[in-house]
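When we follow the UniProt record's numbering, the leftmost residue of the sequence shown carries the number 1, and every step to the right adds one.
Note that beta-carbon positions come from the ideal geometry of N, C-alpha and C, so glycine has one too.
This structure is a prediction, so every number in the text was calculated from the model and none was measured.
What follows is a set of notes on a single structure, which appears directly below.
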Amino acid sequence: MVPTPESRSTEREDIVGPEIVTSPYPIFIEGTVVKGFGRGGKQLGIPTANLPEPVVEKALSDIPIGVYYGWAKVEKVVYPMVMSLGWNPYFRNEKRSGEVHIIHNFEDDFYGKNLKVVVLAYIRPEKDYTSIELLINDIKADINAAQQSLLRPAYALLH
Ligand code: ADP
Ligand code: RBF
Ligand code: MG
């Protein structure tokens, strides 16, 4: 189902998800970082590490399309993350993608490296937008929600 485009930013809470990690979470996803369209960093200023198609298919058999938070591990280091699973309606993609934005500034890219993700909670459904700024604003609110929500002991423990 194609979502109706959003034309304004909605008010967002800082903390998202229950106090304790609740079933079906934690969900573990692992794969090699692959190339996408190269839009994340260049068009949005928010790079995302894209997961291979079979890994995305498998993840979608456990959880629906939407935006999530949790932890990501690259080269033995754990970072907070937000993940988008879906069609990217704003860009009218024809394939579903699974993309992880790691909340950390990396010096270099890490295509081809192994990425491990533990998904701990759902943030919101995937949306369409009338401008790229509204998409960026919503992703920034997702990042804030992840940072605040992961501070809670039940979530902090799971990395
Ligand atoms: P693509 O469409 O190829 O995924 P992006 O613009 O989304 O292109 O950039 C993604 C790449 O940038 C990742 O694969 C990774 O190697 C690198 N990268 C750098 N910093 C980050 C970050 N904080 N989170 C995710 N990926 C990052
Ligand atoms: N794309 C959309 O079209 N709608 C969304 O609601 C949406 N939410 C996202 C949330 C997060 C946390 C991230 C990292 C990405 C999101 N995207 C969304 C995907 C965005 O379009 C994608 O990262 C770029 O197309 C670059 O691949
Ligand atoms: Mg990407």
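If residue i sits next to residue j, beta carbons under 8 Å apart, how far is it from one beta carbon to the other, in whole angstroms?
i	j	result
ILE123	VAL67	4 Å
ALA154	VAL21	5 Å
VAL117	GLY70	6 Å
PRO125	PRO18	At roughly 18 Å, the Cβ-Cβ gap does not stay under 8 Å, so PRO125 and PRO18 are not in contact.
PRO80	GLN147	6 Å
Can you list, in chain order, the residues of its chain with a C-beta nearer than 8 Å to that of residue i? Leave out the 5 residues immediately preceding and following it.
i	result
ILE63	PRO24, ILE27, LEU85, VAL119 and TYR122
residue 215	Given a span of 1 to 159 for the chain in the structure shown, any question on residue 215 remains unanswerable.
Return the chain-ordered list of same chain residues with a C-beta closer than 6 Å to the C-beta of residue i, the five sequence neighbours on each side being excluded.
i	result
THR130	PRO5 and SER7
ILE46	GLY40, HIS101 and ILE139
Report the partner residues of residue i according to the DSSP bridge assignment.
i	result
VAL117	ILE29 and ALA72
TYR122	TYR68
TYR111	Paired residues: none, contrary to the question.
ASN50	VAL34 and GLU99
TYR79	ALA72
GLU128	In the sequence on display, residue 128 carries Asp and not Glu. Bridge partners of ASP128: PRO5.
Only counting the same chain, and skipping five residues up and downstream in sequence, which positions put a Cβ closer than 7 Å to that of residue i?
i	result
GLY112	THR32 and VAL33
ASN88	SER97
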